[in-house]
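Residue numbering for the sequence shown follows UniProt numbering, beginning at 1 and increasing consecutively.
Glycine is no exception: its CB is placed at the ideal position from the N, C-alpha and C atoms.
Single-structure report; data block below.
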Amino acid sequence: MYENDIASVLISEEQIEQRTKELAETIAARYPVGAPEGDLLLIGVLKGAIFFMTDFARALPIPTQMEFMAVSSYGSSTSSSGVVRILKDLDKDIAGRNVLIVEDIIDSGLTLSWLMRNLSSRNPASLEVVTLLRKPEAVKVDVHVADVGFDIPDEFVVGYGLDYDERYRDLPYIGTLDPKVYTD
Ligand code: XMP
Ligand code: MG
1 MYENDIASVL ISEEQIEQRT KELAETIAAR YPVGAPEGDL LLIGVLKGAI
51 FFMTDFARAL PIPTQMEFMA VSSYGSSTSS SGVVRILKDL DKDIAGRNVL
101 IVEDIIDSGL TLSWLMRNLS SRNPASLEVV TLLRKPEAVK VDVHVADVGF
151 DIPDEFVVGY GLDYDERYRD LPYIGTLDPK VYTD
């Protein structure tokens, strides 16, 4: 489909599936079923986290509920400034709930640190993060991320929800783009 645009497959479909199962089992063990906080509430960050959210939710051996939020960070298309605007907010109150943010990728970590502050102020019982991918920069930022699928090099990646100019989200794997795509 996009074979001519993809320079390399960084993480295969099988690797994503395997790691998602591992994360789901580890994370589920922390949330006792039948707790007074109710079902674990997954908050997916649109649009990049859509495929990870749906695969992760189905891999979790505990009941969950789902909410989505869309945010846009001011800055250039390839780096974020940390100033964030809410494009779509949650439909429900999260006070007293166990909340798990489901992210596609953490790069500078600025978007996530803003999101954590914003959601904390709504008084959830607990607030944690799982991200499929993490770039090296993110390690420097003071955001507590307990669970990371894959640490990847500082390269622009697409697929499995991640886009370049809204394309390639539908690739089933994570790949790097051929530089010709963004130079011509
Ligand atoms: P920060 O820098 O605030 O930003 O952690 C995270 C957001 O930046 C986008 N991002 C990417 N999107 N391929 C993408 O398709 C990438 O390699 C990439 N790196 C960062 C993404 O929207 C993420 O939520
Ligand atoms: Mg994102």
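Measuring straight from C-alpha to C-alpha, what distance separates residue i and residue j?
| i | j | result |
| --- | --- | --- |
| Tyr160 | Leu133 | 11 Å |
| Leu60 | Leu100 | 12 Å |
| Tyr31 | Ala49 | 22 Å |
| Glu3 | Ile86 | 34 Å |
| Val102 | Asp184 | 34 Å |
Is residue i near the ligand XMP - that is, is its Cβ less than 7 Å away from at least one heavy atom of it?
| i | result |
| --- | --- |
| Lys88 | no |
| Asp107 | yes |
| Leu162 | yes |
| Lys135 | yes |
Under a three-way DSSP split, which group does residue i fall into?
| i | result |
| --- | --- |
| Met1 | coil |
| Lys92 | coil |
| Ala138 | helix |
| Ile16 | helix |
In the DSSP assignment, the alpha helix (DSSP H) including residue i goes from what residue to what residue?
| i | result |
| --- | --- |
| Ser12 | First-last for Ser12: undefined, no H or E at that position. |
| Ser120 | 110 to 120 |
| Val181 | 180 to 183 |
How far does the beta strand (DSSP E) with residue i in it extend, from its first residue to its last?
| i | result |
| --- | --- |
| Ile106 | 98 to 106 |
| Glu67 | 64 to 73 |
| Arg134 | 126 to 134 |
| Leu177 | 174 to 177 |
Which full runs of the beta strand (DSSP E) of 3+ residues lie inside the segment 20 to 60, going along the chain? For the segment 20 to 60, whole beta strand (DSSP E) runs of length 3 or above, ordered along the chain, are 40 to 46.
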